[in-house]
Amino acid sequence: MFRKVLRRKRYWRSRNHDEIVYINHEAQCGGIYVTIKPREAVVRIAEWDMIKVFTSAKKLEEFLEELQTPELS
């Protein structure tokens with residue numbers, strides 16, 4: 000389910016890693032990296048020095064939608 004959410008939000012899989020990593024860039028926060036692991040998705044935003052772990056695809060989708068809102072910056 001995590002992969003479906005990421006593809007809908009236009010995240011692209013990186014081919015340079017042994018891990019499954021999806022990447023996107025937002026104007027407000029820079030690069031967003033999502034590592035898919037069994038039963039969880041780990042979101043890393045280097046610009047904000049933030050790491051969040053999600054076990055629910057719905058919560059991940061809500062978080063990614065918040066990142067896209069212009070009021071966040």
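Position one of the sequence shown corresponds to residue 0 (numbering that gives the first Met the number 0), numbered consecutively onward. Glycine included, C-beta positions come from ideal geometry on N, C-alpha and C.
- Query: For E18, which of helix, strand or coil comes out of DSSP?
  - Reply: In this structure, E18 counts as coil in the three-state DSSP scheme.
- Contact set for Y21: own chain, Cβ-Cβ below 6 Å, skip 5 residues either direction: Cβ within range, chain order: L5, Y10, R12, V33.
- Item | Sheet register partners of F53 (DSSP bridge) | BP columns for F53 point to A40.
- Task: Label I50 either buried or exposed according to how many other C-beta atoms from any shown protein chain fall within 10 Å of its C-beta, with 16 as the threshold for buried.
- Result: Exposed is the label assigned to I50, since fewer than 16 other Cβ atoms lie within 10 Å of its Cβ.
- Message: For E61, list the residues DSSP reports as bridge partners.
- Response: Paired residues: none, contrary to the question.
- Task: Use the C-beta contact count for A26: other C-beta atoms within 10 angstroms, 16 or more gives buried, fewer gives exposed.
- Result: Flag for A26 reads exposed.
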